[in-house]
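**Student:** Chains as they are written, first to last, in this note's numbering: chain G, 1230 to 1585; chain S, 1230 to 1585.
The following block contains the structure, expressed as structure tokens.
There are 2 protein chains.
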Amino acid sequence: MRVYNFAAGPSMLPLEVLESAQRDFLNYNNSGMSVTEMSHRSSYYDDIHKECISLIRELLNVGDNYDVLLLQGGASSQFEATPLNLLKKGRADYIVTGNFSNKAYTAAIKYGDIRLVASSKDANYTYIPKDLDIRSDIDYLHICHNNTIFGTRFTEIPKCSAPIVCDMSSSILSQEINVNDFGVIYAGAQKNLAPAGMTLVIVRRDLITDGLAICPTIMKWKTQSEAESLYNTPPAFTIYMAMLNLRHIKKNGGVKAVQVYNEEKAGLLYAFIDNSTFYTNKVVKEDRSMMNVPFVTPNGELDKKFVSEAATAGLVSLKGHRLAGGMRASIYNAMPREGVVKLINFMTEFEKNNKL
Amino acid sequence: MRVYNFAAGPSMLPLEVLESAQRDFLNYNNSGMSVTEMSHRSSYYDDIHKECISLIRELLNVGDNYDVLLLQGGASSQFEATPLNLLKKGRADYIVTGNFSNKAYTAAIKYGDIRLVASSKDANYTYIPKDLDIRSDIDYLHICHNNTIFGTRFTEIPKCSAPIVCDMSSSILSQEINVNDFGVIYAGAQKNLAPAGMTLVIVRRDLITDGLAICPTIMKWKTQSEAESLYNTPPAFTIYMAMLNLRHIKKNGGVKAVQVYNEEKAGLLYAFIDNSTFYTNKVVKEDRSMMNVPFVTPNGELDKKFVSEAATAGLVSLKGHRLAGGMRASIYNAMPREGVVKLINFMTEFEKNNKL
């Protein structure tokens, strides 16, 4: 009955998390109400809010010199919040490795001297640029850690004297990271953290200042930091779901164990594709994403057929993004190993039946 | 077991709505997945998104010359979105009738020639200013329809040649309105519409323009309008809950029937308070809110005792906002008549036991 959902986000959540939310949906912790109905000033919600932040700190090993904010608006809101909060000298550098880092770059241009350091657009974003001429006198360098659409990933974080701002929407909690490598990490929740509607921002405290005067109040990290992410009504149910998911990750061994599991899943799928003459992944091997695996068959007609027949077999949302074409298997934390194995078996069968 | 939750928002949702969401939580419409996991580009979600917008249009009688946007960020996001989208001449007038209209006013100041037309701060916001000297050459007039904290309401919409922008966070869907009286209506969802995490914006199409160049992309009504509120990942589960709630309102006779029910509930409570020498509501009678009823006992000690004993009796979140003190009964759409009757009975008993 339950399908394997390969969507790029929103995407699968652990069944255990969903069952827990369903069980308590009408009456959370004997409060006599649903989490969806709770005052964000109630002690019930306050416990959820604090536990969610505390679990993020613990699982990502976030030091006291960083603040953890739970906001609304999606990662897209941080495309503008970043320059609005960080520009002081008025200069920032961007590396564009896909659709969303390009949006971040474009959004920032209107606020200062924003420079494109490097882009992999010349090869349809199938690699991560390595040769970087980053300016020394900038407020920050912006990168996107994992590119959801094109299936690439920074396996090494660039060297830079200025703070690095990193969009980790599609890789947060999927592998161990060193938070100290970054000035700011932000991530939309809807891939590895929770349902859509929440944005995680981890920001080094010395970078929390007044920002530009034109910055909308709800985008001000300082305002949200001082209010402990309760400046306005938070997306309470989404934060509750994040808390359940974080508990689930902790119970299963933390981010280290998650990474091992993800490496195995991605390893299986890439090995199968590499051994195949029918399926191709166009990304430079060393830059491959562990979360999003784009691939194609020998032609567009077969790609279409693949997506349709896979859905019938219970493997859904495998269609690639329109900018990339073909297929894409997003295999986030909550995609079970069995889902990947089932996909590989389906791919094997499909190849047999459609060999040119 | 289920309490009567008088919180100012997030607040009660109809039990039928909660039960429906719980029943389908693991498997929506035989999709094999939860709404919390669905791609926002899937046909399952697309149906939810469109039905939600269509029900808002139907229930509020929104004409084709208005667009309906489902956004993130809370009503607070619209405090800045309003001037950023609407300022052309660079001038706007504000009426300040409480905490949130004051926030809206303060937020707008940084973007133009923003004038305070009238304020009821002189009497701790217990009335709605009537004598208004609105400028003729402004881009818009901003008002807050219902004041959650102080319990007042505009029973008549001011006359104004410029478009009126109205924050309806705590009154949307609680009474019939004429959308054509307004240029823009916005509302956070967490009182009468859905759980927290969604913001409804109804905007007259001729007011959807490029706006100020510094406007963040996700705050641009034009961008969201062109993308049918799918510019970035929407808060899908919250929109789904809104859809269920709108279906519930429609089934029960629409906004007209809701209004009759709300008038009865508020009528019962105000009549009881007016007949009492123990309880007082300080708001000018003609400006009373139908949604939020603040009241006090003869002293602060008794107020505290009231809130605590009421909670024990299953009447929760009756504490007034810290800016207003005392108690506040928020009796939104989903508060059953029985909840109000139970509150009145409790008030009667409490008075008997605590007569000075």
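Ideal Cβ placement from N, Cα and C applies to all residues, glycine included.
Only counting runs of 3 or more residues, tell me where the beta strand (DSSP E) segments fall wholly within the stretch 1360-1430 of chain S, in order along the chain.
**Tutor:** Taking only runs of at least 3 residues, the beta strand (DSSP E) segments lying wholly in the stretch 1360-1430 of chain S are 1369-1373, 1393-1396 and 1413-1417.
**Student:** Give the interface partners of His1278/G over in chain S, defined as CB-CB distance under 8 Å, in chain order.
**Tutor:** Near His1278/G there are no residues of chain S at all, since even the closest Cβ is about 12 Å away, more than 8 Å.
**Student:** On the three-state DSSP scale, how would you describe Ile1324/G?
**Tutor:** Correct three-state label for Ile1324/G: strand.
**Student:** Roughly how many angstroms lie between the CA atoms of Lys1494/S and Asn1481/S, to the nearest whole one?
**Tutor:** Distance between the alpha carbons of Lys1494/S and Asn1481/S is about 16 Å.
**Student:** For His1477/G and Val1232/G, which I take to be in contact (beta-carbon distance under 8 Å), what is that distance rounded to the nearest angstrom?
**Tutor:** The pair is not a contact, with the Cβ atoms about 20 Å apart (cut-off 8 Å).
**Student:** Please list the terminal residues of the continuous alpha helix (DSSP H) segment that includes Asp1435/G.
**Tutor:** Counting along the chain, Asp1435/G falls outside any alpha helix (DSSP H), and DSSP gives it neither H nor E.
**Student:** Classify Thr1509/G as helix, strand or coil using the three-state DSSP reduction.
**Tutor:** Of the three classes helix, strand and coil, the one that applies to Thr1509/G here is strand, per DSSP.
**Student:** Under 8 Å by Cβ, that's how I've got Asp1516/G and Ile1406/G pegged, so tell me the actual separation to the nearest angstrom.
**Tutor:** So it is not a contact: roughly 17 Å between Cβ atoms.
**Student:** In whole angstroms, what separates the C-alpha of Leu1572/S from that of Ile1393/S?
**Tutor:** Cα-Cα distance, rounded: 36 Å.
**Student:** Does the beta carbon of Ile1560/S come closer than 9 Å to any beta carbon on chain G?
**Tutor:** No - not a single Cβ of chain G is within 9 Å of the one on Ile1560/S.
**Student:** Let me know if Asp1503/S comes out buried or exposed under the rule of 16 or more other beta-carbons within 10 Å of its beta-carbon.
**Tutor:** It is exposed - the Cβ of Asp1503/S has fewer than 16 other Cβ atoms within 10 Å.
**Student:** Classify Val1536/G as helix, strand or coil using the three-state DSSP reduction.
**Tutor:** Val1536/G: helix per DSSP, three-state reduction.
**Student:** With 9 Å set as the bound, which would you pick, yes or no: does the beta-carbon of Pro1523/S sit closer than that to a beta-carbon of chain G?
**Tutor:** Closer than 9 Å: no.
**Student:** In chain order, what residues of the same chain have a beta carbon less than 6 Å from the beta carbon of Arg1344/S, not counting five sequence neighbours either side?
**Tutor:** Contacts found: Asp1322.
**Student:** Which same chain residues, not among the five before or five after Lys1584/G, have their C-beta less than 8 Å away from its C-beta?
**Tutor:** Here the set comprises Phe1507.
**Student:** Is it buried or exposed for Thr1577/S, if we count other Cβ within 10 angstroms and need 16 for buried?
**Tutor:** Exposed is the call here.
**Student:** Tell me, which residues are paired with Ala1642/S by DSSP?
**Tutor:** Only positions 1230 to 1585 of chain S appear in this structure, which leaves residue 1642/S out of reach.
**Student:** Around the Cβ of Gly1319/S, are there at least 16 other Cβ atoms within 10 angstroms (buried) or fewer (exposed)?
**Tutor:** Gly1319/S should be labelled exposed.
**Student:** Per DSSP, what are the beta-bridge partners of Lys1490/S in this structure?
**Tutor:** A small correction: the amino acid at residue 1490/S is Tyr; Lys does not occupy that position in the sequence shown. Beta-bridge pairing links Tyr1490/S to no other residue.
**Student:** Tell me, please, whether the stretch 1407-1427 of chain S touches the stretch 1442-1449 of chain S by the rule of three or more beta-carbon pairs shorter than 8 Å.
**Tutor:** Flag = no, the stretch 1407-1427 of chain S and the stretch 1442-1449 of chain S do not touch.
**Student:** Do Ile1437/S and Asn1314/S count as a contact pair if the criterion is CB distance below 9 Å?
**Tutor:** The answer is yes: Cβ separation under 9 Å.
**Student:** Helix, strand or coil for Asp1296/G per DSSP?
**Tutor:** Strand, per DSSP.
**Student:** Taking the DSSP output, what are the residues bridged to Met1234/G?
**Tutor:** The sequence shown places Asn at residue 1234/G, not Met. Answer by DSSP bridge pairing, in chain order: Val1545/G.
**Student:** Any idea what DSSP makes of Asp1291/S, helix, strand or coil?
**Tutor:** The amino acid at residue 1291/S is misidentified as Asp; the sequence shows Val. In this structure, Val1291/S counts as coil in the three-state DSSP scheme.
**Student:** In chain S, which residues lie with their C-beta within 8 Å of the C-beta of Phe1254/G?
**Tutor:** Within chain S, the residues near Phe1254/G are Leu1247, Ala1250, Gln1251 and Phe1254.
**Student:** Ordered along the chain, which non-local residues of its own chain (more than five positions away) have a Cβ less than 6 Å from that of Leu1298/S?
**Tutor:** Taken in chain order, the residues that qualify are Val1430, Gln1453 and Ser1458.
**Student:** Any beta carbon of chain G sitting closer than 9 Å to that of Arg1270/S?
**Tutor:** Yes - at least one Cβ of chain G is within 9 Å of the one on Arg1270/S.
**Student:** Under 8 Å between beta-carbons, which chain G residues line up against Pro1239/S? List them in chain order, please.
**Tutor:** Simply Thr1265, Glu1266, Met1267, Ser1268, His1269, Thr1462 and Ala1465.
**Student:** For Arg1382/S, count neighbouring C-beta atoms within 10 Å of its own C-beta (all shown protein chains included) and say buried if the count is 16 or more, exposed if not.
**Tutor:** Classification for Arg1382/S: buried.
**Student:** Considering Arg1566/G, what are the terminal residues of the alpha helix (DSSP H) in which it resides?
**Tutor:** Its alpha helix (DSSP H) spans residues Arg1566 to Asn1583.
**Student:** When you compare the CB of Lys1584/G with every CB in chain S, is at least one pair closer than 9 Å?
**Tutor:** No, Lys1584/G lies away from the interface with chain S (no Cβ there is under 9 Å from its Cβ).
**Student:** On the premise that Leu1300/G lies in contact with Thr1462/G, defined as a C-beta separation below 8 Å, what is that separation, rounded to the nearest angstrom?
**Tutor:** The Cβ separation is near 12 Å, so there is no contact.
**Student:** Among Ser1271/S, Ser1305/S, His1269/S and Asp1351/S, which one has its Cα closest to the Cα of Ala1336/S?
**Tutor:** Comparing Cα-Cα distances from Ala1336/S to each of Ser1271/S, Ser1305/S, His1269/S and Asp1351/S, the minimum goes to Ser1305/S.
**Student:** Apart from the five residues just before and just after Thr1467/S, which ones in its own chain have a Cβ nearer than 8 Å to its Cβ?
**Tutor:** Cβ within range, chain order: Ala1418, Ala1423, Pro1424, Ala1425, Gly1426 and Met1427.
**Student:** Distance cutoff 9 Å, beta carbons only. Does Arg1231/G sit that close to anything in chain S?
**Tutor:** Chain S contact via Cβ: present.
**Student:** Flag this pair as yes or no: are the beta carbons of Ser1399/G and His1371/G separated by less than 9 Å?
**Tutor:** Taking 9 Å as the Cβ cut-off, Ser1399/G and His1371/G do not qualify as a contacting pair.
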